[in-house]
Structure formats: structure tokens, C-alpha cells
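A.B. asks:
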Amino acid sequence: MNEIKRLQSLQSRVHGWGVDGVLLFSMPTIRYLTGFTGSEGVLYAGADAAILLVDGRYTTQAGDEFASGEVREFSDRPEAIAELVSGCEAKRVGFESSALYYDSYAQLSDRMPGVTMKAFSDELNTLRIRKDEEEIATLRRAAEIAGNALAFLLEMIQPDMVERDIAFLLESAMRERGADRPSFDTIIASGRATAMPHAKPRRKKIERGDCLVIDYGAAYEGYNSDETCTFIVGKPTAEQREAYTAVKDAHDRAIDAVKAGVPASEIDRVARAAIEEKGFGRYFSHGTGHGVGLEVHEPPRLSKKSADLLEAGMVVTVEPGVYIPGRWGIRIEDMVVVRENGCEVLTTTSKELTVL
Ligand code: GLY
Ligand code: MN
Ligand code: MN
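For the sequence shown, the numbering used here gives the first residue as 274, with consecutive numbering after it.
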């Protein structure tokens with residue numbers, strides 16, 4: 274089982290980080306290390322011990338899913354953690370600082386007066402950053418399920434349909450094809466709403482002349498796909514065509530630049546330069562992409578200020594966009610696997626300009 278290897282690999286590193294063990298709180302990472310899929314739990318990983326704490330709702334499930342490990346039930350979380358740490362005779366404990374509320378941290382440190390707590394952020398936040406081939410196959414499947422559902426939707430979509438109804442149809446089609454659920458709230462935006470990168474579907478009909486942004490994904494066995502297509506309903510204006518070409522060009526050049534060893538900020542620079550060249554630079558208001566896996570947004574970041582370096586096995590989105598406030602917006606997003614000499618695109622829908 275991959276989880277056992279991952280957990281053992283983490284356990285072998287804790288002494289090197291200057292602590293006796295680490296406490297993890299984020300559920301995607303706990304799932305990655307143990308297989309446990311519940312909504313709450315705490316994992317302690319010491320050099321010689323790995324213990325999963327869960328509340329009474331999850332005792333049986335955690336025992337099944339983390340069959341090779343030790344599961345303990347808690348009723349008072351800070352008390353159980355303090356007891357566990359003292360039982361392991363740990364004096365220096367690292368914790369996943371991005372996943373622990375300050376109040377919980379304060380309660381915990383009150384209960385462990387003799388223990389030094391050390392915040393770990395990057396070390397733990399990047400545990401899942403490179404995907405193995407099994408994870409990549411799962412992400413590929415998630416992207417295929419989503420893409421097949423969109424292909425089905427495109428057969429029936431027409432002007433006069435309501436944004437919320439389109440979202441419902443697409444989400445149902447993904448589930449029918451095997452998705453556990455949508456990866457995130459589906460974005461269906463038409464007309465002026467397309468100028469907002471994360472618009473919510475409204476009770477509004479799509480109209481001729483609209484841009485139509487569909488940003489959607491399927492969650493499959495815990496892994497999430499993420500893809501955006503922008504369509505034009507009816508005849509595109511010259512300006513819409515120009516902006517689409519600029520975004521598509523940025524997307525294509527950025528994808529061509531993705532390979533192991535390239536700084537993530539370089540991908541953002543390439544995409545941004547293509548959009549700036551066409552005069553739409555001030556309308557590209559977000560980063561070019563993000564890692565995706567057990568979470569929809571996870572490291573690395575593909576942005577101007579990112580210090581991340583692309584490595585083989587990372588799965589990232591490439592999603593340049595142009596948003597003209599009050600008028601319309603265009604985004605094109607694909608999800609790709611970084612390989613030694615380039616990248617593999619996992620999302621399946623053509624990104625050529627499509628008129629509906
Ligand atoms: N669907 C959210 C995003 O593209 O980042
Ligand atoms: Mn998206
Ligand atoms: Mn995205």
C-alpha cells in the first residue's frame with residue numbers, strides 16, 4: 274500500500290527536522306498517509322510510532338481504512354493529543370501550522386507545558402506535491418469523467434438555457450459517469466458575469482453574443498479535476514475573437530514551457546507576456562495556475578512570486594484569463610502532469626474557439 278510507504282518515509286524524516294514527531298490535522302494529508310477518509314482526525318507521526326486519533330463517529334471506519342496502523346478514539350481532542358505525546362515521551366513536537374486554528378493551538382500548548390511545539394508549514398504542505406503514477410491515473414480518470422460529461426452537455430446546450438440548470442445538468446452528468454461529486458461548486462457564467470473569475474450560476478438565461486464560461490471538475494476517489502472552457506454563444510465580436518486568441522496563445526505557450534526543472538514563475542511569465550503582447554495585460558488578474566490533487570488548490574503555485582520549481586509528477590493547472598469588468602471574460606484551463614521533457618495534458622476538451 275502506498276500509504277504505508279508514505280507514512281514510513283515521513284517518520285524517517287522527523288528526527289532530521291529536529292523533533293520527536295509531528296502532528297497532522299489536514300484531512301487530505303491524513304488520507305494520503307493513512308487511507309482514512311473521514312472528515313476529522315489527528316495523526317501523530319513519530320520516528321517509531323504512528324497513531325491516528327478519531328472521534329466515536331469514525332472508530333470503525335478508521336480501523337478498516339488504516340488497518341495496518343494504530344487507531345485511538347478520543348472524546349476530548351486536546352487531552353487525547355497531550356496524552357498521546359506524553360505516552361510517546363516526545364519533548365519536541367512539530368505541527369501542521371496551516372491546518373491548526375490558533376484557539377486549538379493555544380489549548381494544546383496549555384495541556385503540554387513541558388513540550389516544545391514547532392510550526393511546520395512548507396515541509397508538511399508539500400508532502401503531496403509530486404504524484405505517483407497511481408495518483409496520476411486517478412486524476413486522468415477524474416478528468417475523463419468530467420470531459421465526457423461536458424461533451425454530453427454540449428450536445429444539448431442552447432441559448433435560453435438558465436445558468437443554474439446548466440450547472441445541474443453538468444453535475445448530474447458527471448455523477449452518472451462515475452464522479453463522487455463535483456470537485457467544487459460548478460461555475461457557469463454568461464454575459465457580464467464572465468468578467469468575475471469565480472462567478473456563481475444564476476437564475477439567468479444565456480443569450481446570443483454572450484461569452485459562456487464553464488469551470489468545472491469531477492472528484493473521483495478523492496482526487497479532483499479542474500478545467501475551464503469558454504464558449505461564445507452566437508457570433509463572436511472581433512474583440513472577443515482577439516481576446517480569445519490572446520488567452521489561447523498564452524495557454525498554449527505556457528503548456529509548451531511546462532517541464533521538470535522550470536521555475537513555476539516562468540510559466541506565469543510566459544502566459545502573461547502573451548496576453549500583454551495583445552494589449553490585454555491589465556485584464557489578467559490572477560496567477561496562471563496551481564497544483565491539484567486531493568485538494569483543488571494545493572502547491573505548487575504558478576504565479577509571479579512563486580518560488581516553486583516544477584518537478585516531474587507534479588500535476589498543475591494552466592489557466593490564463595482576460596476579464597473586462599462590466600463586459601465579459603474569457604478563461605481557458607487545462608490540467609497537466611509535469612514530465613522530465615514536457616508535460617501531459619489530462620483534461621480532454623478541445624480549447625479551439627467553439628461557437629455554440
Ligand atoms: N475552479 C477553480 C480554479 O480554477 O482555480
Ligand atoms: Mn477551474
Ligand atoms: Mn484551477
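Even glycine gets a Cβ: it sits at the ideal position worked out from N, Cα and C.
Note that the coordinates shown come from a computational prediction; the quantities given were computed from them, not determined experimentally.
#1: Could you tell me the distance, in whole angstroms, from the CA atom of V543 to the CA atom of I528?
#2: Say yes only if the C-beta of D607 is nearer than 7 Å to one or more non-hydrogen atoms of ligand 2, and no if none qualify.
#3: Say the cut is 7 Å; is the CB of V569 nearer than that to a heavy atom of ligand 1?
#4: Tell me whether the beta-carbon of R604 lies closer than 8 Å to the beta-carbon of D458.
#5: For D376, count neighbouring C-beta atoms within 10 Å of its own C-beta (all shown protein chains included) and say buried if the count is 16 or more, exposed if not.
#6: Run the CB neighbour count on G291, radius 10 Å, all protein chains shown included, and call it buried at 16 or more, exposed below.
#7: Check for me: the beta strand (DSSP E) holding F368 runs from which residue to which?
#8: Excluding the five sequence neighbours on either side, which residues of its own chain have a C-beta within less than 7 Å of the C-beta of F557, listed in chain order?
#9: Let me know if H524 comes out buried or exposed under the rule of 16 or more other beta-carbons within 10 Å of its beta-carbon.
#10: Does chain C have any CB closer than 8 Å to the CB of E436?
#11: Measure the C-alpha to C-alpha separation of R454 and A415 and round it to an integer number of angstroms.
#12: State the start and end residues of the unbroken beta strand (DSSP E) segment that holds M508.
#13: Could you please give the first and the last residue of the uninterrupted alpha helix (DSSP H) stretch that includes E338?
#14: Verify the contact flag: F557, CB atom, against every heavy atom of ligand 1, threshold strictly below 7 Å.
#15: List the DSSP bridge partners of K391.
#16: Just reading off the alpha helix (DSSP H) that G360 is part of, what are its end residues?
#17: For Q580 and G560, I'd like the C-alpha separation in whole angstroms.
#18: So within the segment 488-562, which uninterrupted beta strand (DSSP E) runs reach at least 3 residues, ignoring any that extend past its ends?
#19: Quick one: give me the first and last residue of the alpha helix (DSSP H) that M429 is part of.
#20: State the start and end residues of the unbroken beta strand (DSSP E) segment that holds S463.
#21: Identify, in the order they occur along the chain, each residue of the same chain with its Cβ nearer than 8 Å to the Cβ of Q380, setting aside the five sequence neighbours on each side.
C.D. replies: According to the data block:
#1: Indexing the sequence shown from 1 puts residue 543 at position 270. Indexing the sequence shown from 1 puts residue 528 at position 255. Taking the straight line from one Cα to the other gives about 9 Å.
#2: Locating residue 607 in the sequence shown gives position 334, counting from the first residue. Outside the cutoff, so no.
#3: Here the question's residue 569 lines up with position 296 in the sequence shown. Under cutoff, so the answer is yes.
#4: Residue numbering aside, residue 604 sits at position 331 when the sequence shown is read from its first letter. Residue numbering aside, residue 458 sits at position 185 when the sequence shown is read from its first letter. No, the Cβ-Cβ distance between R604 and D458 is not below 8 Å.
#5: In the sequence shown, residue 376 corresponds to position 103, counting from 1. When all chains shown are included, D376 counts as exposed.
#6: For the purposes of this step, residue 291 is taken as the residue at position 18 of the sequence shown. So G291 ends up on the exposed side.
#7: What you label residue 368 is simply residue 95 of the sequence shown in a count that begins at 1. Per DSSP, F368 belongs to the beta strand (DSSP E) from R365 to E369.
#8: Position 284 of the sequence shown, counted from the first residue, corresponds to residue 557. Contacts found: R545, I548, P593, G594 and V595.
#9: The residue given as residue 524 occupies position 251 in the sequence shown. Result: buried.
#10: This model lacks chain C altogether; it includes just one protein chain.
#11: Along the sequence shown, read from residue 1 onward, the residue named residue 454 stands at position 181. Along the sequence shown, read from residue 1 onward, the residue named residue 415 stands at position 142. If you take the alpha carbons of R454 and A415, they lie about 10 Å apart.
#12: Against the sequence shown, residue 508 aligns to sequence position 235. The sequence shown places Lys at residue 508, not Met. Careful: K508 lies outside any beta strand (DSSP E) and carries neither H nor E.
#13: The residue labelled residue 338 in the question sits at position 65 within the sequence shown. Counting along the chain, the unbroken alpha helix (DSSP H) around E338 starts and ends at T332 to E338.
#14: As a working note, residue 557 is residue 284 in the sequence shown. Not so, every heavy atom of ligand 1 lies at least 7 Å from the Cβ.
#15: Walking along the sequence shown from the start, residue 391 turns up at place 118. Within the DSSP secondary-structure output, K391 pairs in a beta bridge with G367.
#16: Your numbering for residue 360 matches position 87 in the sequence shown. Residues R350 to G360.
#17: Translated into positions along the sequence shown, residue 580 becomes position 307. Translated into positions along the sequence shown, residue 560 becomes position 287. Inspection of the sequence shows that residue 580 is occupied by Ala rather than by Gln. Spanning the alpha carbons of A580 and G560 requires a straight line of approximately 13 Å.
#18: DSSP runs (the beta strand (DSSP E)) wholly in the segment 488-562: 491-493 and 500-505.
#19: Here residue 429 refers to the residue found at position 156 when the sequence shown is read from its first residue. Run containing M429: E406 to M429, per the alpha helix (DSSP H) assignment.
#20: Within the sequence shown, the letter at position 190 stands for residue 463. From DSSP, the beta strand (DSSP E) with S463 extends over I460 to S463.
#21: As a working note, residue 380 is residue 107 in the sequence shown. Here Q380 has P351 as same chain residues with Cβ atoms under 8 Å from its own Cβ, once five neighbours each way along the sequence are excluded.
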